[in-house]
Structures are given as C-alpha cells and as structure tokens.
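Q: First residue of the sequence shown: 426, per this note's numbering; consecutive thereafter.
Cβ coordinates follow ideal geometry from the N, Cα and C atoms, glycine included.
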Amino acid sequence: MAVIDSPTSTSIASLVALRRKAMTMRLLSGSICAPLAGGHSSRLRGRGMEFDEVRRYQPGDDAATIDWKVTARKGVPHTKLFHEERERPVLLCIDYRQAMFFATRGVLKAVLASRLSALYGWSAINHSDRVGALLFDDTRVWEQRPARGRRALLHLFYRCCNHPNWDYPLAPVASPLQFKQVLLHLRRVAHSGSLVVLVTDGRGLDQGAEAALAAVAQHNTMILILISDPIERNLPSGGNYPIHDGNGLVVINGDDAKLRQRYAQQFSDRYEAVRQISRRRGIHLLEISTDDDPFDLLATPNAR
Numbered sequence: 426m427a428v429i430d431s432p433t434s435t436s437i438a439s440l441v442a443l444r445r446k447a448m449t450m451r452l453l454s455g456s457i458c459a460p461l462a463g464g465h466s467s468r469l470r471g472r473g474m475e476f477d478e479v480r481r482y483q484p485g486d487d488a489a490t491i492d493w494k495v496t497a498r499k500g501v502p503h504t505k506l507f508h509e510e511r512e513r514p515v516l517l518c519i520d521y522r523q524a525m526f527f528a529t530r531g532v533l534k535a536v537l538a539s540r541l542s543a544l545y546g547w548s549a550i551n552h553s554d555r556v557g558a559l560l561f562d563d564t565r566v567w568e569q570r571p572a573r574g575r576r577a578l579l580h581l582f583y584r585c586c587n588h589p590n591w592d593y594p595l596a597p598v599a600s601p602l603q604f605k606q607v608l609l610h611l612r613r614v615a616h617s618g619s620l621v622v623l624v625t626d627g628r629g630l631d632q633g634a635e636a637a638l639a640a641v642a643q644h645n646t647m648i649l650i651l652i653s654d655p656i657e658r659n660l661p662s663g664g665n666y667p668i669h670d671g672n673g674l675v676v677i678n679g680d681d682a683k684l685r686q687r688y689a690q691q692f693s694d695r696y697e698a699v700r701q702i703s704r705r706r707g708i709h710l711l712e713i714s715t716d717d718d719p720f721d722l723l724a725t726p727n728a729r
C-alpha cells in the first residue's frame with residue numbers, strides 16, 4: 426500500500442518510507458558535497474574518542490592527556506587513556522516552534538524538517554551510528570539520548586509526528602523560549618565527536634545566540650539546515666496580505682514597492698547574518714525552501 430505524503434502533516438509511515446532513499450545517500454561519510462555557505466566544502470570530523478581509564482604516566486605518553494586532578498591527589502603523574510568510539514553519536518535537533526507550521530508553497534516547514542531529519546536518521550542507522558534528538562518548540566525542549574538501532578529512530582518518529590503543535594489552532598505564547606536557551610541545552614547533551622544536525626528556520630539565531638552555537642560546533646561536526654518559504658523571501662505585489670504574528674492579525678500592503686523592498690532586505694540581512702556566523706564557526710550550512718525536494722538537496726553525485 427502506497428504511503429501518501431501530506432503537505433500539512435507527517436506520519437510514522439511516511440518517515441519510515443524514506444529509509445530506501447536514505448540508503449542511496451552518503452550523508453554521514455566523507456566530504457560534504459552539497460553546496461555550503463561560502464561555496465566551500467570540508468570533511469566531517471572523525472568519530473571521536475571515548476574515555477577508558479587513568480594510569481601512571483609512561484615515557485612517550487602525550488602530555489596533553491595528563492589528568493592533573495589525579496596527579497595532584499596521588500603525587501605522581503597520571504594520564505588518561507581513550508579508545509576510539511565505534512559508533513558516532515548523531516544528534517538531530519529539530520525546530521517545532523509555531524513559525525515552522527507555515528507554508529504558502531510545497532509543504533509546511535515542520536513537515537520538511539521532519540523529512541530531512543528522517544533522512545539523516547536513516548543514514549545514521551545505515552552507518553551503525555547511534556541516533557539521538559533534541560526537539561524544541563516555543564516553550565520547552567524534549568531530549569532523546571543517542572541509541573543504536575531502528576527502535577530508537579522509530580521512537581523519535583513517534584515524538585515528531587505527535588508533537589502538540591500539529592493540532593490547530595496554535596495558542597499564543599506569552600514568553601517564548603529563546604534560541605540561546607535551546608543551544609545551551611544542546612551543548613550539554615552533545616558529546617564531543619558527535620554529528621549535530623540542526624534543522625530550523627533560523628528565527629532567533631543571531632549574534633546573541635552565536636556564543637552558544639559556537640560552543641556546540643567547537644567539539645562536534647555541525648550541519649545547519651535553514652528552511653524558508655518563498656513568501657518569506659519576497660512579498661508578492663498586489664493586494665493586502667493578512668498575517669497572524671502569534672498575537673494578532675497584521676495586514677501588509679503588497680502594492681507598496683518600498684515596503685516590499687524593505688521586507689526582502691530584512692530577510693536577506695537575517696540570512697546573511699546566519700551565513701557569516703556559520704563561516705566563523707566552521708558550521709556546514711544548507712538552505713532549502715518549502716517547495717524544494719529534500720532528496721535533491723542532500724543527494725550527492727556519487728550517492729545516486
């Protein structure tokens with residue numbers, strides 16, 4: 426029985442159906458070949474090292490691995506031993522704030538975010554990596570610790586498909602969660618050497634949140650996927666456009682050429698700020714529209 430994709434909702438069956446497509450995609454190995462911010466490409470970091478034990482320092486040991494606390498306590502140098510992790514944690518950070526439940530073309534931003542995350546999730550399973558997640562909305566953050574296997578991914582799909590914001594209408598939020606708070610939470614749960622995939626529309630991702638974002642990217646490979654709708658980039662001319670901002674109805678005059686220009690410039694400035702942050706912090710940036718096919722964005726020539 427064929428799985429019908431809906432532009433306004435998602436289902437476990439539709440996310441499971443992406444497994445076959447993910448098998449043909451090299452999302453988590455080698456070079457990131459998709460277009461990146463600044464037109465550059467770089468290789469994913471290694472799978473990271475996991476602490477094993479502490480023993481007495483021996484000639485030839487790396488001085489950088491000396492455990493100074495144990496050394497001070499025992500009075501003789503001790504060094505930390507590590508072993509390479511067999512599976513790299515893949516952490517999917519998915520934006521389900523109210524603004525993600527919007528689109529004028531293609532699918533809702535939240536639907537696209539779910540599909541993109543599912544593709545990375547299946548790719549992680551195919552590479553025997555552990556998959557974890559951080560789902561956040563306007564008021565709270567939900568965490569799933571990295572675990573291996575299909576069962577963990579299906580549990581994540583259940584959480585994605587049953588998020589309360591799929592139920593309309595959405596209630597106004599008086600004191601929304603700041604993006605910086607989400608990123609600080611992400612920093613606490615992202616173990617060094619992880620691959621962190623942040624899927625969002627980028628609202629609130631400004632210089633105020635940059636330090637928290639940099640802390641995540643410093644010890645992890647990070648991919649930032651920015652989702653936008655065509656009407657967010659350019660306001661069509663002709664007529665008035667009623668827009669609900671979460672608190673009330675705002676009417677925008679599409680016949681005002683100067684207003685349309687300011688509107689487009691504001692979006693361009695916001696995205697350019699995110700591009701600059703990504704370049705400074707070594708974050709791989711991908712940009713996608715609600716009317717784009719996520720498979721076309723993520724597929725590489727060698728993966729077909």
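(1) Considering only C-alpha positions, which residue in the set Lys505, Cys518, Met450, Leu533 is nearest to aspartate 717?
(2) Can you give me the C-alpha to C-alpha distance between phenylalanine 526 and glutamine 606, rounded to a whole angstrom?
(3) Suppose contacts are defined by Cβ-Cβ distances below 8 angstroms. Is isoleucine 651 in contact with leucine 710 by that definition?
(4) As a quick exercise: from Asp430, Ala640, Ala524, pick the residue whose alpha carbon is nearest that of alanine 596.
(5) From what residue to what residue does the alpha helix (DSSP H) around phenylalanine 604 run?
(6) Okay, do the segment 678-696 and the segment 561-579 touch, 3+ Cβ pairs below 8 angstroms being the bar?
(7) Which of the three DSSP states is assigned to aspartate 694 in this structure?
(8) If we require 3 or more residues per run, which beta strand (DSSP E) segments fall completely within the segment 537-620?
(9) Give every residue of the same chain whose Cβ lies closer than 6 angstroms to the Cβ of leucine 469, excluding the five residues on either side of it in the sequence, and list them in chain order.
(10) Let's see if you can read the secondary structure: which residues bound the beta strand (DSSP E) around proline 514?
(11) Using only CA atoms, which one of Asp631, Phe604, Thr449, Leu608 lies nearest to phenylalanine 720?
(12) Enumerate, from N- to C-terminal direction, the unbroken beta strand (DSSP E) stretches of 3 or more residues contained entirely within the segment 474-505.
(13) Report the option in Arg444, Ile677, Asp654, Ala538 whose CA atom is closest to the CA atom of tyrosine 521.
(14) Go ahead and label serine 731 buried or exposed: buried means 16 or more other beta carbons lie within 10 angstroms of its beta carbon, across all protein chains shown.
(15) If you follow the beta strand (DSSP E) that leucine 711 is in, where does it begin and where does it stop?
(16) According to the neighbour-count rule (16 or more other Cβ atoms, all chains shown, within 10 Å of its Cβ), is isoleucine 668 buried or exposed?
(17) Please return the same chain residues whose Cβ sits closer than 6 angstroms to the Cβ of cysteine 540, not counting the five positions on each side in sequence.
(18) Thinking C-alpha only, which one of Pro571, Ser693, Arg584 is nearest histidine 616?
(19) Grouping DSSP H, G and I as helix and E and B as strand, with all else coil, what is serine 703?
(20) Tell me which residue opens and which closes the alpha helix (DSSP H) that leucine 722 is part of.
(21) Apart from the five residues just before and just after alanine 462, which ones in its own chain have a Cβ nearer than 7 angstroms to its Cβ?
(22) Once you ignore the five residues that flank aspartate 492 on each side, which residues in its own chain have a CB closer than 8 angstroms to its CB?
A: From the atom records:
(1) If you number the sequence shown from 1, residue 717 lands on position 292. Comparing Cα positions, the closest option is Leu533.
(2) Working through the sequence shown from its first residue, we reach residue 526 at position 101. Working through the sequence shown from its first residue, we reach residue 606 at position 181. Take the alpha-carbon of phenylalanine 526 and the one of glutamine 606: they are about 21 angstroms apart.
(3) Numbered from 1 along the sequence shown, position 226 holds the residue referred to as residue 651. Numbered from 1 along the sequence shown, position 285 holds the residue referred to as residue 710. What sits at residue 651 in the sequence shown is leucine, not isoleucine. Yes, Cβ-Cβ distance for leucine 651 and leucine 710 is below 8 angstroms.
(4) Position 171 of the sequence shown, counting from 1, holds the residue named residue 596. That would be Ala524, whose Cα lies nearest to the Cα of alanine 596.
(5) Translated into the one-based positions of the sequence shown, residue 604 becomes position 179. Unbroken alpha helix (DSSP H) run through phenylalanine 604: 604-614.
(6) Counting Cβ pairs under 8 angstroms, fewer than three are found: no touch.
(7) In the sequence shown, the residue the question calls residue 694 occupies position 269. The answer is helix: DSSP assigns aspartate 694 an H, G or I state.
(8) 555-561, 566-572
(9) The residue labelled residue 469 in the question sits at position 44 within the sequence shown. The predicted position of leucine 469 is uncertain, since its pLDDT is 47 and thus under 50; no value can be drawn from it.
(10) In the sequence shown, counting from the first residue as 1, residue 514 sits at position 89. Per DSSP, proline 514 belongs to the beta strand (DSSP E) from 514-520.
(11) Along the sequence shown, one-based indexing puts residue 720 at 295. Cα-wise, what sits closest to phenylalanine 720 is Thr449.
(12) Correct list: 474-481.
(13) The residue given as residue 521 occupies position 96 in the sequence shown. Nearest of Arg444, Ile677, Asp654, Ala538 to tyrosine 521, Cα basis: Ala538.
(14) For the chain, the structure presents residues 426 to 729; residue 731 sits outside this window and is missing.
(15) By one-based count along the sequence shown, residue 711 stands at place 286. Where leucine 711 is concerned, the enclosing beta strand (DSSP E) stretches over 709-714.
(16) Residue numbering aside, residue 668 sits at position 243 when the sequence shown is read from its first letter. With fewer than 16 other Cβ atoms from the protein chains shown falling within 10 Å of its own Cβ, isoleucine 668 counts as exposed.
(17) Looking up residue 540 in the sequence shown gives position 115. The sequence shown places arginine at residue 540, not cysteine. So the list reads Pro719, once near-sequence residues are dropped.
(18) Position 191 of the sequence shown, counted from the start, is the residue given in the question as residue 616. When each option's Cα is compared against that of histidine 616, the closest is Pro571.
(19) For this step, residue 703 is matched to residue 278 along the sequence shown. The answer is helix: DSSP assigns serine 703 an H, G or I state.
(20) The sequence position of residue 722 within the sequence shown is 297, counting from 1. Where leucine 722 is concerned, the enclosing alpha helix (DSSP H) stretches over 719-723.
(21) For the purposes of this step, residue 462 is identified with residue 37 of the sequence shown, where counting begins at 1. A caution first: alanine 462 carries a pLDDT of 38, below 50, which makes its placement in the model too unreliable to give a value.
(22) If you number the sequence shown from 1, residue 492 lands on position 67. Contacts found: Val479, His503, Thr504, Lys505.
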